[in-house]
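Just so it is clear: in the sequence shown, position 296 is 296 by full-length UniProt numbering, and no numbers are missing.
Glycine included, every Cβ here is placed at the ideal spot set by N, Cα and C.
Before any comments, here is the structure.
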Amino acid sequence: MAASIITENQRQALSQAAHWFAVLGAEDVTARQNQQWQRWLEQHADHRWAWSKVEALQGQLQAMPGKMSYQVLNNANQQVAVTRRRVLKSLLVLLGVGASWRLWQSPAALGYRAELRTATGEIKPLRLSDGSLVVMNTATAADLQFTAQQRMILLYQGEIAIRTASDPSPIPRPFLVSTAQGKLRALGTQFTVRALGDETLLAVQQHAVKISLRNAPEATLIVSQGQQVRFTADRFGELMAAESNSADWTQGVLTVSDRLLSQVIEEIARYRHGSITCSPEVVHLRVSGTFPLKDTDRILDVLAQTLPIKIQSVTRYWVKVVAS
C-alpha cells in the first residue's frame, strides 16, 4: 500500500503495531504486556488492520526462498531475528520519515538491534577489550561504544553488573553506562544497573558512580559504595542502602532475606518464559534463602515445601502460586 493513501489514524495505528511487534518479540515480554496488546487490538478496527499488516509482512518474509529472505544463517533463532527486523523496517517505510525515526530509536527497537543480548534465563559474563568485566543478566540487550574518547555501554533492557578495569589507553577514558533515563560515570568501581521501563536502578558495590539525568544533565548525584537509587529522566529517587546480595545473580543464585513472597515470585519470573502469578492470600508470606536461578521449577518446589502454598501449572507457560 502506498504511504499516500494511508490515513493519519491508520498511520498512528501502524506505529503502535510496530511498537507492539517489537515488545512482543522481546525475550523479557510479560503476561501483562500480552494483555495490554490484546486490549489495544480490540480497541479499534484500525488497530486490527495495522496488526494484519504486521502479520502479512511477517508471512511474506518468512515465505521468501533462499537468498531473497536470508543470507547464510546458522539457526532458526537467527532467522526469526532477521524476519522481525525486516518486518520492522517495512513498517517504517509505510510510516514515513518522522515516525520511522522515533520508532527506530525507541528502546524496544534499539534492543532488537543490539549486538549484545541474553535470552530469558541466561546469565553471560563478558571480558571487554579494556579488561573490564561485564555480566549480563536475563533478557538483557546492550551495545558497546568504545572510542578514543570514552568507554560506553548503552543499556536498552535488562540488567548488567560491571567491574571496571584501569584503562590501558595512554589517555585514560571515562567508563560510562547510558540508559533511557541518564548517564552513569564509574569512579573506579563495581556496580549493577537495571533498566526498569521508565526508571533506572543503580546499586554500587565498590567505590562510587556519578549520575547525570537525561532531561536535566546539570542535575547530578554521586552514589557511593553500599548505596542504591532509582531515577527517571527528570529526577532522582531517594538514596537508600543497597541490598548486600544485589549482585548475587552474577553467581547464578537468587539470595533473599525476609522478602515478600510476591517480590520473590516477581524476581523468579524474570528467569522463565510465560506467566507466573501469586494469589492475594499468600503475597504477604516472607521468604529467606539462596536459590539456583538455572532451575526456577526447583525454586518453586522448595517454596511449596517450606511455605503454606502450592504450585498450580495451568499450562507449561502459566503457573499460579496459591494457598495450600
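Should Tyr20 go down as buried or exposed, given a rule of 16 or more other Cβ atoms within 10 Å for buried?
-> Looking at the sequence shown, residue 20 is not Tyr but Trp. In the assembly as shown, Trp20 is a buried residue. Its beta-carbon has 16 or more other beta-carbons within 10 Å.
Just list the alpha helix (DSSP H) runs in the UniProt domain "FecR N-terminal" (16-57), keeping only unbroken ones of 4 residues or longer that don't cross its boundaries, in chain order.
-> 31-43
On the three-pair Cβ rule with 8 Å, is the region 275-285 touching the region 244-257?
-> no
Using 10 angstroms around the beta-carbon of Ser324, count the other beta-carbons present and answer buried if the total reaches 16, otherwise exposed.
-> exposed
First through last residue of the beta strand (DSSP E) which encompasses Thr192 = Per DSSP, Thr192 is one residue of the beta strand (DSSP E) stretching across 182-196.
How is Arg235 classed by DSSP in three states: helix, strand or coil?
-> coil
Residue range of the alpha helix (DSSP H) that Asp297 falls in?
-> 296-306
Whole angstroms is fine: what's the gap from Thr250's alpha carbon to Gln157's?
-> 17 Å
For the candidate residues Gly188, Pro292, Gln181, Leu133, whose alpha-carbon lies nearest to that of Gln225?
-> With distances taken between Cα atoms, Gln225 lies closest to Gly188.
Leaving aside the five residues before and after residue 325 along the sequence, list all residues of the same chain whose C-beta is less than 8 Å from its C-beta, in chain order.
-> Residue 325 is absent from the structure shown; the chain starts at 1 and stops at 324.
Rounded C-alpha distance that separates Glu115 from Leu144 = The alpha-carbon atoms of Glu115 and Leu144 are separated by roughly 8 Å.
Residue range of the alpha helix (DSSP H) that Glu199 falls in?
-> Element bounds for Glu199: not the alpha helix (DSSP H) but the beta strand (DSSP E), 199-213.
Candidates Gly289, Gln150, Leu154, Val177, of which the one nearest Ile171 by Cα = Gln150
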